[in-house]
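S.K.: In our numbering, the protein residues as written are 16 to 269.
Ideal Cβ placement from N, Cα and C applies to all residues, glycine included.
Since the model is a prediction, treat every value here as computed from it, not as a measurement.
Below you will find the structure I want to go over with you.
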(Lines of atoms letter the chains of each structure in order from A and count residues from 1; the text may use other names and numbers.)
(Lines give C-alpha, C1' and ligand atoms only; values in the text may rest on other atoms or scores of the structure.)
Protein backbone atom coordinates (compact mmCIF):
# COMPACT_ATOMS: atom_id res chain seq x y z
CA UNK A 1 0.00 0.00 0.00
CA UNK A 2 1.38 3.39 -1.02
CA UNK A 3 1.73 6.07 1.60
CA UNK A 4 1.72 9.85 1.32
CA UNK A 5 4.43 12.15 2.65
CA UNK A 6 3.72 15.84 3.24
CA UNK A 7 6.70 18.14 3.68
CA UNK A 8 5.41 20.92 5.92
CA UNK A 9 7.16 24.18 6.74
CA UNK A 10 5.64 26.70 9.17
CA UNK A 11 6.72 30.23 10.12
CA UNK A 12 5.74 31.49 13.58
CA UNK A 13 4.08 34.90 13.80
CA UNK A 14 4.00 35.11 17.62
CA UNK A 15 6.42 33.94 20.35
CA UNK A 16 6.48 30.23 21.22
CA UNK A 17 6.58 28.91 24.80
CA UNK A 18 8.06 25.54 25.75
CA UNK A 19 5.59 22.67 26.00
CA UNK A 20 7.66 20.14 27.93
CA UNK A 21 7.63 20.15 31.77
CA UNK A 22 11.14 20.43 33.18
CA UNK A 23 10.20 18.06 36.03
CA UNK A 24 7.27 16.11 37.49
CA UNK A 25 6.42 14.21 34.31
CA UNK A 26 4.43 11.42 35.96
CA UNK A 27 1.73 13.25 37.89
CA UNK A 28 0.51 15.53 35.06
CA UNK A 29 0.33 12.46 32.79
CA UNK A 30 -1.73 10.53 35.34
CA UNK A 31 -4.00 13.55 35.79
CA UNK A 32 -4.60 13.90 32.05
CA UNK A 33 -5.50 10.22 31.74
CA UNK A 34 -7.81 10.42 34.76
CA UNK A 35 -9.59 13.42 33.25
CA UNK A 36 -10.08 11.52 30.00
CA UNK A 37 -11.64 8.69 32.01
CA UNK A 38 -13.85 11.22 33.83
CA UNK A 39 -15.14 12.58 30.51
CA UNK A 40 -15.80 9.03 29.31
CA UNK A 41 -17.83 8.30 32.46
CA UNK A 42 -19.77 11.51 31.94
CA UNK A 43 -20.79 10.41 28.45
CA UNK A 44 -21.72 6.94 29.70
CA UNK A 45 -23.95 8.45 32.42
CA UNK A 46 -25.75 10.60 29.86
CA UNK A 47 -26.45 7.61 27.61
CA UNK A 48 -27.34 5.06 30.32
CA UNK A 49 -31.10 4.36 30.59
CA UNK A 50 -30.99 1.76 33.36
CA UNK A 51 -31.26 3.65 36.68
CA UNK A 52 -29.33 1.08 38.75
CA UNK A 53 -26.41 1.07 36.34
CA UNK A 54 -26.56 4.85 36.21
CA UNK A 55 -26.18 5.07 40.01
CA UNK A 56 -23.11 2.81 39.88
CA UNK A 57 -21.57 4.98 37.15
CA UNK A 58 -22.30 8.15 39.10
CA UNK A 59 -20.57 6.72 42.18
CA UNK A 60 -17.49 5.87 40.09
CA UNK A 61 -17.62 9.37 38.63
CA UNK A 62 -17.67 11.06 42.06
CA UNK A 63 -14.83 8.87 43.39
CA UNK A 64 -12.66 9.63 40.39
CA UNK A 65 -13.49 13.36 40.53
CA UNK A 66 -12.44 13.50 44.20
CA UNK A 67 -9.23 11.62 43.41
CA UNK A 68 -8.41 14.05 40.60
CA UNK A 69 -8.98 17.08 42.85
CA UNK A 70 -6.66 15.62 45.49
CA UNK A 71 -3.96 14.94 42.89
CA UNK A 72 -4.32 18.45 41.48
CA UNK A 73 -3.64 19.91 44.93
CA UNK A 74 -0.63 17.61 45.26
CA UNK A 75 0.61 18.68 41.84
CA UNK A 76 0.24 22.37 42.65
CA UNK A 77 1.89 22.12 46.07
CA UNK A 78 4.81 20.02 44.82
CA UNK A 79 5.34 22.36 41.87
CA UNK A 80 5.30 25.70 43.64
CA UNK A 81 7.32 26.95 40.71
CA UNK A 82 6.59 25.27 37.39
CA UNK A 83 8.61 25.54 34.21
CA UNK A 84 8.15 24.31 30.67
CA UNK A 85 11.08 24.03 28.29
CA UNK A 86 12.00 23.01 24.74
CA UNK A 87 13.58 19.57 24.37
CA UNK A 88 17.06 19.28 22.85
CA UNK A 89 18.25 16.66 20.41
CA UNK A 90 21.68 14.97 20.57
CA UNK A 91 23.24 17.95 18.78
CA UNK A 92 21.85 20.48 21.26
CA UNK A 93 19.19 21.87 18.91
CA UNK A 94 15.90 23.07 20.43
CA UNK A 95 12.67 21.74 18.97
CA UNK A 96 9.38 19.98 19.57
CA UNK A 97 8.77 16.29 20.17
CA UNK A 98 7.15 14.57 17.20
CA UNK A 99 4.16 13.61 19.36
CA UNK A 100 3.58 17.27 20.29
CA UNK A 101 3.09 18.12 16.60
CA UNK A 102 0.83 15.11 16.18
CA UNK A 103 -1.04 16.15 19.32
CA UNK A 104 -1.58 19.60 17.80
CA UNK A 105 -3.13 18.01 14.70
CA UNK A 106 -5.46 15.94 16.91
CA UNK A 107 -6.36 19.00 18.97
CA UNK A 108 -7.38 20.99 15.87
CA UNK A 109 -9.36 18.05 14.50
CA UNK A 110 -11.21 17.68 17.81
CA UNK A 111 -11.83 21.38 18.44
CA UNK A 112 -12.60 22.78 14.99
CA UNK A 113 -13.12 20.08 12.35
CA UNK A 114 -15.65 17.68 13.89
CA UNK A 115 -18.57 19.08 11.87
CA UNK A 116 -16.66 20.01 8.71
CA UNK A 117 -15.39 16.56 7.73
CA UNK A 118 -17.78 13.63 7.34
CA UNK A 119 -16.44 10.07 7.54
CA UNK A 120 -16.95 6.85 9.45
CA UNK A 121 -14.16 7.51 11.99
CA UNK A 122 -13.39 10.94 13.44
CA UNK A 123 -10.38 12.75 11.99
CA UNK A 124 -8.87 12.90 15.47
CA UNK A 125 -9.03 9.10 15.74
CA UNK A 126 -7.58 8.67 12.25
CA UNK A 127 -4.64 10.98 13.04
CA UNK A 128 -3.97 9.02 16.22
CA UNK A 129 -3.74 5.74 14.31
CA UNK A 130 -2.44 6.58 10.87
CA UNK A 131 -0.15 9.62 11.14
CA UNK A 132 3.59 9.63 11.84
CA UNK A 133 5.75 12.75 12.21
CA UNK A 134 9.44 12.85 11.24
CA UNK A 135 12.12 15.53 11.11
CA UNK A 136 12.86 16.67 7.53
CA UNK A 137 15.14 14.58 5.33
CA UNK A 138 14.75 11.55 7.59
CA UNK A 139 15.69 8.12 6.32
CA UNK A 140 12.95 5.72 7.40
CA UNK A 141 15.65 3.35 8.69
CA UNK A 142 16.86 6.00 11.14
CA UNK A 143 16.75 4.77 14.77
CA UNK A 144 13.59 5.84 16.60
CA UNK A 145 15.35 7.91 19.26
CA UNK A 146 16.93 10.07 16.53
CA UNK A 147 13.53 11.01 15.10
CA UNK A 148 11.93 12.15 18.37
CA UNK A 149 12.71 15.88 18.12
CA UNK A 150 11.89 18.21 15.22
CA UNK A 151 14.29 21.20 15.48
CA UNK A 152 13.50 24.91 15.10
CA UNK A 153 15.19 27.10 12.49
CA UNK A 154 15.96 30.81 12.50
CA UNK A 155 17.30 32.48 9.35
CA UNK A 156 18.45 29.07 8.11
CA UNK A 157 20.32 28.12 11.30
CA UNK A 158 19.26 25.75 14.06
CA UNK A 159 18.28 27.29 17.38
CA UNK A 160 20.36 26.13 20.34
CA UNK A 161 19.27 28.46 23.15
CA UNK A 162 15.95 30.01 24.24
CA UNK A 163 15.56 33.78 23.86
CA UNK A 164 14.52 34.18 27.48
CA UNK A 165 11.87 33.18 29.97
CA UNK A 166 8.24 34.20 30.50
CA UNK A 167 6.91 34.21 34.07
CA UNK A 168 3.21 34.36 34.90
CA UNK A 169 1.01 33.58 37.94
CA UNK A 170 -1.50 30.72 37.76
CA UNK A 171 -4.59 30.94 39.97
CA UNK A 172 -6.44 27.64 40.38
CA UNK A 173 -9.67 26.95 42.28
CA UNK A 174 -9.49 23.41 43.66
CA UNK A 175 -11.75 21.91 46.33
CA UNK A 176 -13.14 25.27 47.49
CA UNK A 177 -9.80 26.99 47.78
CA UNK A 178 -7.65 29.19 45.56
CA UNK A 179 -4.04 28.16 45.00
CA UNK A 180 -1.63 30.57 43.28
CA UNK A 181 1.55 29.23 41.72
CA UNK A 182 4.22 30.71 39.46
CA UNK A 183 4.62 29.31 35.95
CA UNK A 184 7.80 29.84 33.93
CA UNK A 185 8.34 28.97 30.28
CA UNK A 186 11.32 29.19 27.98
CA UNK A 187 10.43 31.47 25.08
CA UNK A 188 11.49 31.72 21.43
CA UNK A 189 10.61 34.83 19.42
CA UNK A 190 10.07 35.25 15.67
CA UNK A 191 11.67 34.95 13.20
CA UNK A 192 11.29 31.24 13.83
CA UNK A 193 10.41 28.29 11.60
CA UNK A 194 9.84 24.57 11.92
CA UNK A 195 9.88 21.95 9.15
CA UNK A 196 8.73 18.34 9.40
CA UNK A 197 7.31 15.45 7.43
CA UNK A 198 3.87 13.89 7.87
CA UNK A 199 3.57 10.29 6.71
CA UNK A 200 0.09 8.80 6.35
CA UNK A 201 -2.24 6.85 4.04
CA UNK A 202 -4.28 8.59 1.30
CA UNK A 203 -7.19 6.24 2.04
CA UNK A 204 -7.73 7.95 5.41
CA UNK A 205 -6.48 11.54 5.20
CA UNK A 206 -6.85 13.94 2.28
CA UNK A 207 -4.81 16.92 1.10
CA UNK A 208 -7.67 19.15 2.24
CA UNK A 209 -7.53 17.68 5.77
CA UNK A 210 -3.85 18.58 6.09
CA UNK A 211 -4.41 22.08 4.71
CA UNK A 212 -7.41 22.74 6.98
CA UNK A 213 -5.52 21.66 10.09
CA UNK A 214 -2.55 23.97 9.58
CA UNK A 215 -4.63 26.90 8.34
CA UNK A 216 -5.88 27.13 11.92
CA UNK A 217 -2.39 28.18 13.00
CA UNK A 218 -3.34 31.80 12.34
CA UNK A 219 -5.45 31.80 15.51
CA UNK A 220 -4.57 28.61 17.44
CA UNK A 221 -0.88 28.06 18.08
CA UNK A 222 1.54 25.27 18.97
CA UNK A 223 2.67 26.45 22.41
CA UNK A 224 1.97 26.71 26.09
CA UNK A 225 -0.64 29.40 26.75
CA UNK A 226 -1.95 29.28 23.19
CA UNK A 227 -5.23 30.86 24.38
CA UNK A 228 -3.17 34.04 24.87
CA UNK A 229 -2.04 33.93 21.21
CA UNK A 230 1.36 32.30 21.76
CA UNK A 231 2.72 29.92 19.14
CA UNK A 232 0.65 31.12 16.18
CA UNK A 233 2.02 30.53 12.70
CA UNK A 234 1.44 30.71 8.98
CA UNK A 235 2.05 28.02 6.37
CA UNK A 236 5.20 28.59 4.32
CA UNK A 237 4.96 25.43 2.25
CA UNK A 238 3.26 22.03 2.02
CA UNK A 239 4.62 19.64 -0.60
CA UNK A 240 2.98 16.28 -1.26
CA UNK A 241 4.97 13.19 -2.28
CA UNK A 242 4.00 9.56 -2.83
CA UNK A 243 5.99 6.83 -1.08
CA UNK A 244 5.87 3.73 -3.26
CA UNK A 245 5.32 0.63 -1.15
CA UNK A 246 7.71 -1.67 -3.02
CA UNK A 247 10.72 0.61 -3.46
CA UNK A 248 9.90 2.76 -0.40
CA UNK A 249 11.08 5.82 -2.31
CA UNK A 250 9.36 9.22 -2.15
CA UNK A 251 8.30 10.67 -5.48
CA UNK A 252 6.95 14.19 -5.81
CA UNK A 253 3.26 14.48 -6.67
CA UNK A 254 2.63 16.99 -9.47
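With C-beta atoms as the reference, is residue 31 less than 7 Å away from residue 246?
M.R.: Taking the chain shown and counting its residues from 1, the one referred to as residue 31 is at position 16. Taking the chain shown and counting its residues from 1, the one referred to as residue 246 is at position 231. Yes, the pair counts as a contact, with Cβ atoms nearer than the cut-off.
S.K.: Run through the DSSP bridge pairs and tell me what residue 98 is partnered with.
M.R.: Here residue 98 is taken as the residue at index 83 of the chain shown, counted from 1. 199.
S.K.: Let me check understanding here. Comparing Cα to Cα, which of 125, 198, 70, 108 lies closest to residue 162?
M.R.: Residue numbering aside, residue 162 sits at position 147 when the chain shown is read from its first letter. Nearest option by C-alpha distance: 108.
S.K.: Check whether the Cβ atoms of residue 165 and residue 177 sit closer than 7 Å, and answer yes or no.
M.R.: Mapped onto the chain shown, residue 165 falls at position 150. Mapped onto the chain shown, residue 177 falls at position 162. No. Outside cutoff.
S.K.: Using the rule of at least 16 other Cβ atoms within 10 Å of the residue's Cβ for burial, across every protein chain shown, is residue 260 buried or exposed?
M.R.: Numbered from 1 along the chain shown, position 245 holds the residue referred to as residue 260. Result: exposed.
S.K.: Anyone know if the C-beta pair for residue 167 and residue 228 falls short of 7 Å?
M.R.: One-based indexing of the chain shown puts residue 167 at position 152. One-based indexing of the chain shown puts residue 228 at position 213. Against a cut-off of 7 Å, the Cβ pair of residue 228 and residue 167 comes out as no contact.
S.K.: So, with DSSP's three-state summary, where would you put residue 70?
M.R.: Here residue 70 refers to the residue found at position 55 of the chain shown. Note: residue 70 maps to helix in three-state DSSP.
S.K.: State the CB to CB distance for the pair residue 49 and residue 98, rounded to an integer number of angstroms; the pair is presumed to be in contact (CB under 8 Å).
M.R.: Indexing the chain shown from 1 puts residue 49 at position 34. Indexing the chain shown from 1 puts residue 98 at position 83. With a Cβ gap of about 23 Å, residue 49 and residue 98 do not count as contacting.
S.K.: Please work out which residues of its chain come closer than 7 Å, Cβ to Cβ, to residue 141, disregarding the five sequence neighbours upstream and downstream, and give them in chain order.
M.R.: Taking the chain shown and counting its residues from 1, one reaches residue 141 at position 126. Once the five neighbours on either side are set aside, the close Cβ partners of residue 141 are 219, 220.
S.K.: If you draw a straight line from the C-alpha of residue 158 to the C-alpha of residue 63, how long is it?
M.R.: Locating residue 158 in the chain shown gives position 143, where the first residue counts as 1. Locating residue 63 in the chain shown gives position 48, where the first residue counts as 1. For residue 158 and residue 63, the distance between alpha carbons rounds to 47 Å.
S.K.: Determine the burial state of residue 81: buried for a count of at least 16 other Cβ atoms within 10 Å of its Cβ, exposed for fewer.
M.R.: Here residue 81 corresponds to residue number 66 of the chain shown, with the count starting at 1. Burial call: exposed.
S.K.: Who are the Cβ neighbours of residue 119 in its own chain at under 7 Å, not counting the five residues just before and after it?
M.R.: On the chain shown, residue 119 is found 104 positions in, with the first residue counted as 1. The residues are 237.
S.K.: Find the nearest neighbour of residue 138 within the set 252, 76, 217, 199, judged by alpha-carbon distance.
M.R.: For the purposes of this step, residue 138 is taken as the residue at position 123 of the chain shown. Answer by Cα proximity: 217.
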